[in-house]
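K.L.:
Take this structure first; my questions come after.
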Amino acid sequence: MLYLDGTVPFPELLSHLSGRLQEAASFYRGGEIRVDWGGRNVQESERKELERVIAEHGLLMASSDPATASAAATATGAPVARTAPAPTSSGAGRPGVGVSDGRGTDSADGLRTLYIRRTLRSGQRLRFDGHVVLFGDVHPGAEVIATGDVIILGRLRGMVHAGAGGDRKAVVVALQFAPMQLRIAQLISRAPDDAPPARGPEQAEIRGEQIVVRPLLNY
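Using the numbering used here, you'd call the opening residue of the sequence shown number 10 and step up by one each time.
See below:
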């Protein structure tokens with residue numbers, strides 16, 4: 010999902026977006042991206058310019074996504090509802106633009122959940138305000154940061170920070186659990202160098218004032 014802040018001038022957004030896509034070209038290339046225009050009154054020339062920038066970086070702008078359809082409605086004067094900001098991936102911190110190749114839904118606790126099919130490699134970072142469910146591996150040197158839970162349906166060998174906003178009830182789950190560093194809320198832990206390999210899915214949570222990792226089948 011590509012979120013465009015409706016309060017930021019369009020040329021500035023394009024500049025930020027182009028830089029972000031360039032920074033992580035291999036991460037995004039070949040994917041399909043959906044657009045949330047942030048309530049902006051979109052001109053046809055702006056839509057075409059955005060599509061050109063996206064295509065230059067090997068991406069396809071999905072025309073069937075509701076957010077993109079709403080952009081077309083905006084161009085004809087129809088009202089558009091503003092949605093919550095999308096997650097940012099690899100190069101977070103620039104104002105006005107959020108990028109992800111996943112899809113988000115609301116969970117029972119009111120937080121959004123991002124479902125994303127992607128392997129994160131060294132140097133890549135995924136941030137999301139809510140829960141993250143990643144179908145893939147997290148390699149050493151890669152990072153996943155979420156204000157809610159983090160579930161890795163694959164091998165976790167990088168860094169994960171769940172409950173990044175201070176939620177001590179957040180958990181981390183992985184099918185193969187061997188993180189370089191693990192954070193939940195303000196607590197930090199890492200696997201010992203001589204730790205035996207995990208034999209199945211495990212869950213990490215805060216117990217007292219430390220992070221405890223246990224086999225998921227025990228829950």
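In this text, a Cβ means the ideal position worked out from N, Cα and C, and glycines have one as well.
1. Mind checking THR16: buried by the 16 CB within 10 Å criterion, or exposed?
2. Which residues share a DSSP beta bridge with ALA155?
3. Which same chain residues, not among the five before or five after VAL222, have their C-beta less than 6 Å away from its C-beta?
4. Determine the burial state of ALA67: buried for a count of at least 16 other Cβ atoms within 10 Å of its Cβ, exposed for fewer.
5. Between the beta-carbon of HIS170 and the beta-carbon of ILE154, is there less than 8 Å?
6. From which residue to which residue does the alpha helix (DSSP H) around ARG61 run?
7. Starting from GLU214, trace the beta strand (DSSP E) both ways and give me its first and last residue.
8. Per DSSP, what kind of secondary structure is GLN195 in: helix, strand or coil?
9. When you compare only the Cα positions, how much space is there between ALA173 and VAL44?
10. Helix or strand or just coil, what does DSSP make of ARG126?
11. Tell whether a beta-carbon distance below 8 Å holds between GLY175 and GLN195.
12. Here's a check: name, in chain order, each residue in its chain whose Cβ is nearer than 6 Å to the Cβ of SER198, leaving out the five neighbours to either side.
13. Kindly indicate which residue of ASN50, ILE125, ALA187 has the alpha-carbon position closest to the one of LEU143.
14. Could you tell me whether the Cβ atoms of LEU165 and VAL147 are closer together than 8 Å?
15. Since GLN190 sits in a beta bridge, which residues does DSSP pair it with?
16. Using beta-carbon positions only, say whether LEU23 and GLU58 come within less than 8 Å of one another.
17. Going by DSSP, name the residue or residues bridged to ALA183.
18. Which same chain residues end up closer than 7 Å to LEU226 when comparing Cβ atoms and leaving out the 5 residues on each side of it in sequence?
19. Report the rounded CA-to-CA distance for ALA93 versus SER27, giving the unit in angstroms.
20. Buried or exposed: which applies to GLU152, given that a residue is buried once 16 or more other Cβ atoms fall within 10 Å of its Cβ?
P.N.:
With the given structure in hand:
1. Numbered from its first residue, the sequence shown carries residue 16 at position 7. THR16 should be labelled exposed.
2. One-based indexing of the sequence shown puts residue 155 at position 146. Per DSSP, PHE137.
3. Residue numbering aside, residue 222 sits at position 213 when the sequence shown is read from its first letter. The residues are GLU211, ALA213.
4. The count along the sequence shown starts at 1 and reaches residue 67 at position 58. Here residue 67 turns out to be Gly, not Ala, going by the sequence shown. GLY67 comes out exposed.
5. Within the sequence shown, residue 170 is the residue found at index 161, counting from 1. Within the sequence shown, residue 154 is the residue found at index 145, counting from 1. Yes; because the gap between Cβ atoms is below 8 Å, this pair is in contact.
6. Numbered from 1 along the sequence shown, position 52 holds the residue referred to as residue 61. Its alpha helix (DSSP H) spans residues 53 to 65.
7. Residue numbering aside, residue 214 sits at position 205 when the sequence shown is read from its first letter. That run of the beta strand (DSSP E) goes 211 to 216.
8. Taking the first residue of the sequence shown as position 1, residue 195 is located at position 186. If DSSP states are grouped into helix, strand and coil, GLN195 belongs with coil.
9. For the purposes of this step, residue 173 is taken as the residue at position 164 of the sequence shown. For the purposes of this step, residue 44 is taken as the residue at position 35 of the sequence shown. Taking the straight line joining both Cα atoms gives about 26 Å.
10. Against the sequence shown, residue 126 aligns to sequence position 117. Correct three-state label for ARG126: strand.
11. The residue given as residue 175 occupies position 166 in the sequence shown. The residue given as residue 195 occupies position 186 in the sequence shown. Yes. Within cutoff.
12. Residue 198 sits at position 189 when you count from the first residue of the sequence shown. Same-chain partners within the cutoff: LEU191, ILE220.
13. Numbered from its first residue, the sequence shown carries residue 143 at position 134. It is ILE125 whose Cα lies nearest to the Cα of LEU143.
14. Position 156 of the sequence shown, counted from the first residue, corresponds to residue 165. Position 138 of the sequence shown, counted from the first residue, corresponds to residue 147. Against a cut-off of 8 Å, the Cβ pair of VAL147 and LEU165 comes out as a contact.
15. Numbered from 1 along the sequence shown, position 181 holds the residue referred to as residue 190. DSSP, once it has assigned bridges, lists MET168 as partnering GLN190.
16. Position 14 of the sequence shown, counted from the start, is the residue given in the question as residue 23. Position 49 of the sequence shown, counted from the start, is the residue given in the question as residue 58. The answer is yes: Cβ separation under 8 Å.
17. Counted from its first residue, the sequence shown places residue 183 at position 174. Partner(s): ILE161, GLU211.
18. Here residue 226 corresponds to residue number 217 of the sequence shown, with the count starting at 1. So the list reads GLY209, once near-sequence residues are dropped.
19. Numbered from its first residue, the sequence shown carries residue 93 at position 84. Numbered from its first residue, the sequence shown carries residue 27 at position 18. Residue confidence for ALA93 is low, a pLDDT of 35 falling below 50, so the modelled location carries little weight and cannot support an answer.
20. For the purposes of this step, residue 152 is taken as residue 143 along the sequence shown, with counting starting at 1. Buried, since its Cβ has 16 or more Cβ neighbours within 10 Å.
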